[in-house]
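> Right, I'll just put the structure down here and ask away after.
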Amino acid sequence: MSSRFRLFDRTAVMGSGYIFAMVNRMQMLYYVLILPKHLVHPYMMAGILGVGVLSQINLLILGKYLTSNYFVLGYRGFVQLFSEKMVRFFAFLGIFFILIKVIVTTLGYVEIVHQFMFPSMKTSWLIFVLMASGFYIASQGMEKTIRLSIISFLATIWVILVYIPYFLPPISQTHHLYPLVPGEVSLHSWYGLLMVWSALSGPEYIVCLGPWIGPKEKILRGMSIGNALSVFEYLVLFVACLLYYGSPYLQKISFPVVNMIRYLQSPVFERVDLILISLNMIYFLYLIALFLLCLYGAIRIVAGRINIKTNRKGFLGSVAAVFICMLIINGWYWREGEELNLWVTLQLWLGAITYLLVPSVLAVAIKWKRGQS
Amino acid sequence: MKTLLSILCILLVFSGCSSPYVENNTVEEIAPVTFWSLNQGEGGKFKITTLVPPVTDEKKRLFTLNVDLLKQGKKEFNLKFYRELKNGQLRMLIINEKLAKKEIISLIDTILSDPDVSPRLFLVLVRGSFEDFLEEERKVQKNLDYYLYRMFRHYERRNQGEMSIVNLHEFMEKVYSPYSDPVLPIFKADKDNFTYEGTALFNENKYVGLFNKREDQMFQLIANDHYLKNLPIPHLNVSLGQVRSKVHMQVDDQFKTLNIHVKLKGRIDEYRGHRNILDRSEMNRMTHDIESYLQRETAGLVKETQRLKIEPLEVGAHTLSPLVHPMTRREWLDHYEKMKVHVKYSVKIEPLSL
Numbered sequence: 001m002s003s004r005f006r007l008f009d010r011t012a013v014m015g016s017g018y019i020f021a022m023v024n025r026m027q028m029l030y031y032v033l034i035l036p037k038h039l040v041h042p043y044m045m046a047g048i049l050g051v052g053v054l055s056q057i058n059l060l061i062l063g064k065y066l067t068s069n070y071f072v073l074g075y076r077g078f079v080q081l082f083s084e085k086m087v088r089f090f091a092f093l094g095i096f097f098i099l100i101k102v103i104v105t106t107l108g109y110v111e112i113v114h115q116f117m118f119p120s121m122k123t124s125w126l127i128f129v130l131m132a133s134g135f136y137i138a139s140q141g142m143e144k145t146i147r148l149s150i151i152s153f154l155a156t157i158w159v160i161l162v163y164i165p166y167f168l169p170p171i172s173q174t175h176h177l178y179p180l181v182p183g184e185v186s187l188h189s190w191y192g193l194l195m196v197w198s199a200l201s202g203p204e205y206i207v208c209l210g211p212w213i214g215p216k217e218k219i220l221r222g223m224s225i226g227n228a229l230s231v232f233e234y235l236v237l238f239v240a241c242l243l244y245y246g247s248p249y250l251q252k253i254s255f256p257v258v259n260m261i262r263y264l265q266s267p268v269f270e271r272v273d274l275i276l277i278s279l280n281m282i283y284f285l286y287l288i289a290l291f292l293l294c295l296y297g298a299i300r301i302v303a304g305r306i307n308i309k310t311n312r313k314g315f316l317g318s319v320a321a322v323f324i325c326m327l328i329i330n331g332w333y334w335r336e337g338e339e340l341n342l343w344v345t346l347q348l349w350l351g352a353i354t355y356l357l358v359p360s361v362l363a364v365a366i367k368w369k370r371g372q373s
Numbered sequence: 001m002k003t004l005l006s007i008l009c010i011l012l013v014f015s016g017c018s019s020p021y022v023e024n025n026t027v028e029e030i031a032p033v034t035f036w037s038l039n040q041g042e043g044g045k046f047k048i049t050t051l052v053p054p055v056t057d058e059k060k061r062l063f064t065l066n067v068d069l070l071k072q073g074k075k076e077f078n079l080k081f082y083r084e085l086k087n088g089q090l091r092m093l094i095i096n097e098k099l100a101k102k103e104i105i106s107l108i109d110t111i112l113s114d115p116d117v118s119p120r121l122f123l124v125l126v127r128g129s130f131e132d133f134l135e136e137e138r139k140v141q142k143n144l145d146y147y148l149y150r151m152f153r154h155y156e157r158r159n160q161g162e163m164s165i166v167n168l169h170e171f172m173e174k175v176y177s178p179y180s181d182p183v184l185p186i187f188k189a190d191k192d193n194f195t196y197e198g199t200a201l202f203n204e205n206k207y208v209g210l211f212n213k214r215e216d217q218m219f220q221l222i223a224n225d226h227y228l229k230n231l232p233i234p235h236l237n238v239s240l241g242q243v244r245s246k247v248h249m250q251v252d253d254q255f256k257t258l259n260i261h262v263k264l265k266g267r268i269d270e271y272r273g274h275r276n277i278l279d280r281s282e283m284n285r286m287t288h289d290i291e292s293y294l295q296r297e298t299a300g301l302v303k304e305t306q307r308l309k310i311e312p313l314e315v316g317a318h319t320l321s322p323l324v325h326p327m328t329r330r331e332w333l334d335h336y337e338k339m340k341v342h343v344k345y346s347v348k349i350e351p352l353s354l
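Here the protein sequences line up with chains A and B, keeping their order. 373 is the number that full-length UniProt numbering gives the last residue of the first sequence; the numbers go up by one with no jumps. 354 is the number that full-length UniProt numbering gives the last residue of the second sequence; the numbers go up by one with no jumps.
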């Protein structure tokens, strides 16, 4: 039975469309929903643009590795670039990074569902449903999971049109956008910028997907368009929030984006927010599945079982471990209602650090290797 | 494989033995009320009143509860009635004026934090006893609550200047916004009638006064809707219809004077005076009279807000610009209080024609 269970097979190479969709959805994950509350001031619009440009530069650096021959080789490329011991060490670190990312994303989403959709439901059930569906998608294999990126993109990108009414007169108040110049730049503003940077993180995990995506000339283009679209979406969301709430009120709202959608009313279905929250699940699930696969890969590398065939037991075991971690954190350490709790803050910093370091470390390693040979 | 699955199942069983989903929304078993009416009760308690809508073929029932906490009302209700109360269809919150004077923000916060309640919930103040009105009227009008809701919705949708209609979100946004103060519609209720009285004024979240029906017209014209379907001026024996206004507010650099220039366009609906308004010069004189009347009224309205030191007219918002850092609310209001006000109207009237 387990001989047919192949997670990391490769039969085709996915083009720039998939990369674009993947990068964009990765950057729209969770943090964007709480971001406006921490940006607050209208001049942070420029902040979003600025960080967006920095992110683009970062992607250019990442492109150095993605266009090299090491990338296509996947694991073997890493081994050529570093030593096997180093790769195992990096994979070991990666386990924690991915684990925290999956946990924070899932729990954050579960918290929103719990607060707005099923206030009386036990959160562990919601986590179970998410993890079970994530496991199902992931068990279809890496290739099919990556293919899902376009579907999840198309299924959710139109949501941006929903925000149009917030830019039109009865709801929007233009004077909420003033002043556009900062009065005094406080620590809070810098923290907001860090948050934007961290929210834009995610594309660095593409380095794990070497064998499946290409051709290498088109990777960077896909990523750049994805990044630009994300920055645009951030701006739309932030400006909509500002026009709708105004800065002083925006500070008081825990989930500004979700709360804002509650104001919409359609004649057919009154609670539009419920539909949109559920829709978000499509790409949350897709990314959870993708990260679970990366996590499993990393565990295999660390355990030195990279050449042994994948089997269902091992994968299920690692997913179950993630699930148990999640239950423990949710039960004891996750403080609901406080949207920047310990774990979200931790992921905020970890995301920012990985996004900053992964591309440059790889670029330096390639340079160093070239100098050596 | 099987062992792992069973471990998972065991985990879930341990994590909770109760049913995962305890909400029960079977229509025959719930009471989706559409409004809460809040009043002062005895001994510092609230009096909560609501009409239970019929789900099957039955009569509407009026419930009045005395509670300490707003949400306690829901519980008391459930203990008393055979259906469970649900807030998902809540459309109106009707607050008695006396209660509003004491506290309003804690009440609204409670409602706001309930994810079942839409932020489009209408807020209304009532002078007199809404309970008495309900008691009498429901005998005559079967779907009273629904029609009330439709009325608010009707006037909200096109902003036609009949009433100030305010929902939960608009109210809260203005409470927090430094350069504007919220308003609410205020109605007078007694046994027989439920009548629009004007606009209730708030200083941030304190209820401080109101514009009566006559002042309210000016308020609709220069701040709220910028449109009036009908503007009767009994003083001049004239009634204007389809009045549209365009307001320019300008504050000078030293914050000493406020110039309000209102361009008004409308038509004469009715005239019962002695002038021959078909004659051009007579018509001009008439227009001039209307202008000076409106100027007087509007200046009075602005003076009232200056006296109360509140900003329902959002004059401060006109001083904001993209490049200047705004002053605090208190600084602005100190300036505003002492400002000289010049109001100018340019009225353009389409002549009475057949």
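Positions of the beta carbon are idealized from the N, C-alpha and C atoms, including for glycine.
Rounded to the nearest angstrom, what separates L242(A) and Y191(A) at their Cα positions?
If you take the alpha carbons of L242(A) and Y191(A), they lie about 18 angstroms apart.
> Hey, how far is the Cα of S247(A) from the Cα of I104(B)?
Cα to Cα, S247(A) sits roughly 23 angstroms from I104(B).
> Run down chain A in chain order and give the residues with a C-beta less than 8 angstroms from the C-beta of L320(B).
Going along chain A in sequence order, the residues near L320(B) (Cβ under 8 angstroms) are H175, Y178, P179.
> Assign Q265(A) to buried or exposed, taking buried as 16 or more other Cβ atoms, counted over all protein chains shown, within 10 Å of its Cβ.
Counting Cβ neighbours within 10 Å, Q265(A) comes out exposed, since fewer than 16 surround it.
> In the DSSP output, which residue or residues are listed as bridge partners for H235(B)?
H235(B) pairs with nothing; no bridge assigned.
> Return the CA-CA distance between I30(B) and M44(A), expressed in angstroms with no decimal places.
Rounded to the nearest angstrom, the two C-alpha atoms are 46 angstroms apart.
> Could you name the residues of the same chain whose beta carbon sits closer than 6 angstroms to that of K344(B), not counting the 5 residues immediately before and after it, in chain order?
Here the set comprises H261.
> Using a C-beta to C-beta distance shorter than 7 angstroms, which residues of chain A count as neighbours of M172(B)?
In chain order: Y249.
> Using a C-beta to C-beta distance shorter than 7 angstroms, which residues of chain B count as neighbours of residue 379(A)?
Coverage of chain A is limited to positions 1 through 373, which leaves residue 379(A) absent and any answer about it impossible.
> State the CB to CB distance for the pair G222(A) and V79(A), rounded to an integer number of angstroms; the pair is presumed to be in contact (CB under 8 angstroms).
That belief does not hold up - the Cβ atoms of G222(A) and V79(A) are roughly 26 angstroms apart, past 8 angstroms.
> Measuring from the CB of Q254(B), is there a heavy atom of the ligand SAH at a distance below 7 angstroms?
As far as ligands go, the structure on display features none, and thus does not contain the ligand SAH.
> Measure the alpha-carbon distance for V67(B) versus F46(B) and round it to whole angstroms.
Rounded to whole angstroms, V67(B) to F46(B) spans 5 angstroms at the Cα level.
> Only counting the same chain, and skipping five residues up and downstream in sequence, which positions put a Cβ closer than 6 angstroms to that of S180(B)?
Around S180(B): K174, E311, E314.
> Looking at D216(B) and G241(B), is the spacing between their C-beta atoms short of 8 angstroms?
Taking 8 angstroms as the Cβ cut-off, G241(B) and D216(B) do not qualify as a contacting pair.
> Buried or exposed, going by whether 16 or more other CB atoms sit within 10 Å of the CB of S2(A)?
Since pLDDT at S2(A) reaches only 42, below the 50 mark, its modelled position is unreliable, and no value is offered.
> Consult DSSP for P185(B) and reduce its assignment to one of helix, strand or coil.
Strand, per DSSP.
> For a quick check, are the C-beta atoms of L125(B) and A200(B) less than 8 angstroms apart?
Against a cut-off of 8 angstroms, the Cβ pair of A200(B) and L125(B) comes out as a contact.
> Taking the alpha helix (DSSP H) that E233(A) falls in, what are its first and last residues?
Counting along the chain, the alpha helix (DSSP H) containing E233(A) begins and ends at 216-245.
> Between R83(B), S177(B), H248(B), which has its C-alpha nearest K263(B)'s C-alpha?
When only C-alpha atoms are compared, the closest one is H248(B).
> Could you pull out every residue in the same chain whose Cβ sits closer than 6 angstroms to the Cβ of Y286(A), ignoring the five residues on either side in sequence?
Around Y286(A): L148, S152.
> Closer than 8 angstroms by C-beta to Q40(B): which residues in its own chain qualify, once you throw out the five before and the five after it? Chain order, please.
The residues are F46, K47, N96, K98, L99, K102.
> Could you list which residues in chain A have their beta carbon closer than 8 angstroms to that of V22(B), in chain order?
S120, M121, listed in chain order.
> If you follow the alpha helix (DSSP H) that Q72(B) is part of, which residue opens it and which one closes it?
Q72(B) -> alpha helix (DSSP H) spans 72-80.
> Under the three-state reduction of DSSP, which class applies to N24(A): helix, strand or coil?
DSSP places N24(A) in helix when its eight states are reduced to three.
> Between the stretch 235-267 of chain A and chain B, which residues of the former have CB atoms less than 8 angstroms from a CB of the latter, in chain order?
So the list reads Y244, Y245, G246, P248, Y249, K252, N259, R262, Y263, Q265, given in the order they occur along the chain.
> Please work out which residues of its chain come closer than 7 angstroms, Cβ to Cβ, to I277(A), disregarding the five sequence neighbours upstream and downstream, and give them in chain order.
Here the set comprises I112, V113, F116, M117, V258.
> Under three-state DSSP, which class holds M1(A)?
For M1(A), the predicted model reports a pLDDT of 40, less than 50, meaning its position is unreliable and no value from the coordinates is stated.
> For P234(B) and Y271(B), I'd like the C-alpha separation in whole angstroms.
Cα to Cα, the separation comes out at about 10 angstroms.
> For the stretch 300-340 of chain A, which segments carrying the alpha helix (DSSP H) assignment without a break, of at least 4 residues, lie completely within its bounds, in sequence order?
Runs found: 312-328.
> Whole angstroms are fine: how far does the CA of L130(A) sit from the CA of S139(A)?
Rounded to whole angstroms, S139(A) to L130(A) spans 14 angstroms at the Cα level.
> Can you tell me which of A155(A), L168(A), G317(A) puts its alpha carbon nearest to the alpha carbon of L279(A)?
Residue A155(A) is the option with its Cα nearest to L279(A).
> Extract the residue ranges of the alpha helix (DSSP H) inside the stretch 69-152 of chain A, only unbroken runs of 4 or more that lie entirely within it.
List check, alpha helix (DSSP H) in window: 69-73, 75-81, 84-116, 123-138.
> For L323(B), name the three-state secondary structure that DSSP assigns.
In the structure shown, L323(B) sits in coil (DSSP, three-state: anything other than H, G, I, E or B).
> Does S106(B) get closer than 8 angstroms to chain A when you measure Cβ to Cβ?
Judged by the 8 angstroms Cβ criterion, S106(B) is not in contact with chain A.
> Out of curiosity, what's the CA-to-CA distance linking G297(A) and F5(A)?
Rounded to whole angstroms, G297(A) to F5(A) spans 14 angstroms at the Cα level.
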